[in-house]
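Written below as structure tokens is the structure these notes are about.
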Amino acid sequence: MKNKIISGQVIPINQANIDTDAIIPKQYLKSINKSGFGKFLFDSLRYSKPGTLDDHEDREPNMDFILNKEPFNTGKILIANDNFGCGSSREHAVWAIKDFGIEAIISTSFADIFSRNSYKNGILLITINKDILEKLFEEIINSSDYILTIDVLNQSLTGPNNLAVRFEINESDKERIIHGYDDIAITLKKKNQIIEYEQKMKKNKPWLFSDE
Amino acid sequence: MGKTLYDKIWDEHQIIVNSDDSSLIYIDRHLVHEVTSPQAFEGLKLDQREIWNKDSIYAVSDHNVPTSARNHGIEDKISKLQVDTLVKNCKENNITYFDLNDVNQGIVHVIGPELGITQPGMTLVCGDSHTSTHGALAALAFGIGTSDVEHVLATQCINVKKAKNMKISIKNNLREFVTPKDVILYVIKKIGTSGGTAHTIEFTGECISEMSIEGRMTICNMSIEAGAKSGLVAFDDKTFNYVINRKHTPPKKYIENATKYWETLRSDNDASFDSVHEFDADLIVPQVSWGTSPEMTVDVTGNIPDPSKIQDPKKRDSIARALKYMGLEPNQSINSITLDKVFIGSCTNSRIEDLRAAASILEGKKVANSIKQAMVVPGSGHVKIQAEKEGLDRIFIDSGFEWREPGCSMCLGMNDDSLSPYERCASTSNRNFEGRQGDRGRTHLVSPAMAAIAAVKGHFCDITDL
């Protein structure tokens, strides 16, 4: 059976309510492309001054910020406190996370729209309880590097000091992470049912389809 | 057992219950703007997919547009490309687009209801989290990301898990000068920014039924700031009177049948909610956000919290961090906070009623000399014209406010309207996140009346006290 193993350095950001404006500031939302957002991830914390889409190269990195420090600058798993990804619906936030190289995020809770956007892009979200989260933060802070391994199929999170945590994930999200899906193609397989519904509504509620 | 309003709209639009716990839901209206759509149109093109129903889509540019000197077009090359891309995508696909110089142009969540595009009982999506606004008309409306924008363009549907039902009931009436904005800030303060996560919130109670549709939009608009993708208010006479006779309102021949359906759009008496919160409007005073999350809000009569008095270390740290960012001292009174800029606008508070409230405070008064800039950005071309008919523009201009063209403007500062580092703003918008209105800018969320009086005084003060 196909599986996906995500193993790598953890990036700890022990803050609650990290919003999508912080994950990627508005000026980069002017792009009409989907790629290249990784360099703008946490932009205002990461650099000494704000950049723009066409002027961002010549900026001092803020060396106090975790994404600018080794080994975190190549981290694969982000761990943050409650309500990660709150705020706007910008999928650019997830595109930035993915483009940076992060494959999974661990928190106690995620905002709804962010969560949908993540799975649409193959980013795994792991929800764990507060006690385990705080314990993880403590262990990570006390070690120079900290590698976690996520076995998606078996829903396990393992790490140093015999850490072994089982996490919950629904089957379709799991398959989405392991196989990747073309959601539109799957929905279009139900085309006939959509048409049937639409015909029924055109009869029952014609005003929904006519405004002239 | 009875159904909630949310259950009813959901059931009416559910085509298939999927094998996981999601459902395939039909989408009646799709609003599109320039920021979250280019990659969706591009995706369709790459996969050679057609748009399912172009007539269900209405598009407008709002986030990136200049609010002054419109006749010069958009000077920022990158913004211009994004807006031009939307124009091109709409043209290629024969989608209705409201041009920058069209009177129908405006903030997507202002024009949807205003033009009658949003109707009771509909499902409506937009690639914007403040889509929750439209729930004020008893429509199920929620924000989606760009992948879902593409999905809805191609299939007219979305696969989504049903949220839980939350009821927020507010008894009694608002006191004079206390506004819907104060209500929703108060609610967010009480239930927190994730209090509504995974829920659809229905707002009920005397306070809501007495409230105008514009006011209900302000409340539903900020449901997302409590974590809820959708806010809802039941259909009533006010909804009916608002909806009829708009540009895209159902044709006359359908109104009778439509109304019959609309009248069912309320929660049954025996409907069950997963959670219920009850508040008393009589206890609500004007609210001012002091921090970097909308839940960091206090009564105008209150003080900035003191982190040293907070037990929970996480909470203590987050308050201390917010105070540092905001440049405020623990225990400082709200009245003592002086301001640099004042912004009246955004999808939360840029409707005619909001402008009337602000103008009524400003009439015969001047913006304080210490205020560097005060601006009013109407939510749409129609709001602007109506305000000008009523002479509100003169009141704003005479008092020292700038009178601008419609757009999202300084709510998120994607155009030229933004805060400079460390500038402090009284803003009628919806988010006070770090950097939201400009890098290192400091945002205080307030009602239009509170923003107006703050502009006059140069600092916050209790509007109910004057």
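Protein chains in written order, with the working numbering: chain A, 58 to 269; chain B, -10 to 455.
Just so you know, even glycine gets a beta-carbon here, dropped at the ideal spot from N, CA and C.
No experiment lies behind these values; they were computed from the predicted model shown.
Of the residues assessed, residue 61 of chain B falls on the exposed side of the cut-off, its CB having fewer than 16 other CB atoms within 10 angstroms.
Annotation: Cβ neighbours of residue 79 of chain A in chain B (cutoff 8 angstroms, chain order): 422, 423, 424. Here residue 212 of chain A is near residue 226 of chain A, since their CB atoms are less than 8 angstroms apart. If you draw a straight line from the Cα of residue 79 of chain B to the Cα of residue 18 of chain B, it comes to about 15 angstroms.
In this structure, residue 400 of chain B lies away from residue 328 of chain B, with their beta-carbon atoms at least 8 angstroms apart. Counted as a single uninterrupted DSSP element, the beta strand (DSSP E) harbouring residue 15 of chain B occupies residues 11 to 15. The three-state reading of DSSP puts residue 95 of chain B in strand, counting E and B together. Comparing C-alpha distances from residue 117 of chain B to each of B:44, B:24, B:423 shows the shortest one belongs to B:24.
Note that the C-beta distance between residue 123 of chain B and residue 109 of chain B is not below 8 angstroms.
Only residues of its own chain outside the window of five on either side were considered, and among them 48, 79 have a CB closer than 6 angstroms to the CB of residue 86 of chain B, listed in chain order. The segment 187 to 197 of chain B makes no contact with the segment 349 to 362 of chain B: fewer than 3 CB pairs, one atom from each, lie closer than 8 angstroms.
The beta-carbon of residue 110 of chain A is placed less than 8 angstroms from the nearest beta-carbon of chain B. For residue 240 of chain B, there is no enclosing beta strand (DSSP E), since its DSSP letter is neither H nor E.
At the C-beta level, residue 113 of chain B and residue 270 of chain B stay beyond 8 angstroms of one another. Nearest to residue 238 of chain B by C-alpha distance, out of B:416, B:154, B:70, B:126, is B:126. Along the segment 247 to 269 of chain A, the positions whose C-beta sits under 9 angstroms from a C-beta of chain B are 247, 248, 250, 251, 253, 254, 255, 258, 261, 262, 263, 264, 265, 266, 267, 268, 269, read in chain order. Here DSSP, grouped into helix, strand and coil, assigns residue 189 of chain B to strand. Around residue 107 of chain A, the beta-carbon contacts reaching into chain B at under 7 angstroms are 428.
With fewer than 16 other beta carbons inside 10 angstroms of its own, residue 109 of chain A counts as exposed. With contacts defined by Cβ atoms closer than 8 angstroms, residue 95 of chain A and residue 141 of chain A do not form a contacting pair. Using beta-carbon distances, residue 240 of chain A counts as an interface residue toward chain B, with a partner under 8 angstroms.
Under a 10 Å Cβ-count criterion, residue 39 of chain B is classified as exposed, with fewer than 16 other Cβ atoms of the shown protein chains found around its own Cβ. Under the 10 Å beta carbon count, residue 167 of chain B is surrounded by 16 or more other beta carbons and is classified as buried. Collapsing the DSSP output to three states places residue 129 of chain B in a strand.
Using a Cβ-Cβ cut-off of 8 angstroms, residue 186 of chain A does not count as an interface residue toward chain B, since no Cβ of chain B sits closer than that to its own. Between the beta-carbon of residue 144 of chain B and that of residue 128 of chain B there is about 20 angstroms, and that puts the pair past the 8 angstroms contact cut. If only uninterrupted alpha helix (DSSP H) runs of at least 4 residues are considered, those enclosed by the segment 266 to 322 of chain B are 302 to 315. Runs of the alpha helix (DSSP H) lying entirely within the segment 209 to 247 of chain A, each at least 4 residues long, are 228 to 236, 240 to 245 in chain order. Close to residue 245 of chain A, with beta-carbon spacing below 9 angstroms, are these residues of chain B in chain order: 38, 143, 144.
Annotated three-state conformation of residue 99 of chain A is coil, per DSSP.
Listed by position along chain A, the residues whose Cβ is nearer than 8 angstroms to that of residue 182 of chain B are 74, 140, 143.
The segment 225 to 240 of chain B makes no contact with the segment 248 to 259 of chain A; the number of CB pairs closer than 8 angstroms stays below 3. Under DSSP, residue 76 of chain A forms a beta bridge with A:143. Listed along chain A is no residue with a C-beta nearer than 8 angstroms to that of residue 395 of chain B; the closest approach is about 18 angstroms. For residue 385 of chain B, the enclosing alpha helix (DSSP H) has its first and last residue at 381 to 388.
Under a criterion of Cβ atoms nearer than 9 angstroms, the residues of chain B adjacent to residue 174 of chain A are, in order, 133, 134, 135, 136, 137.
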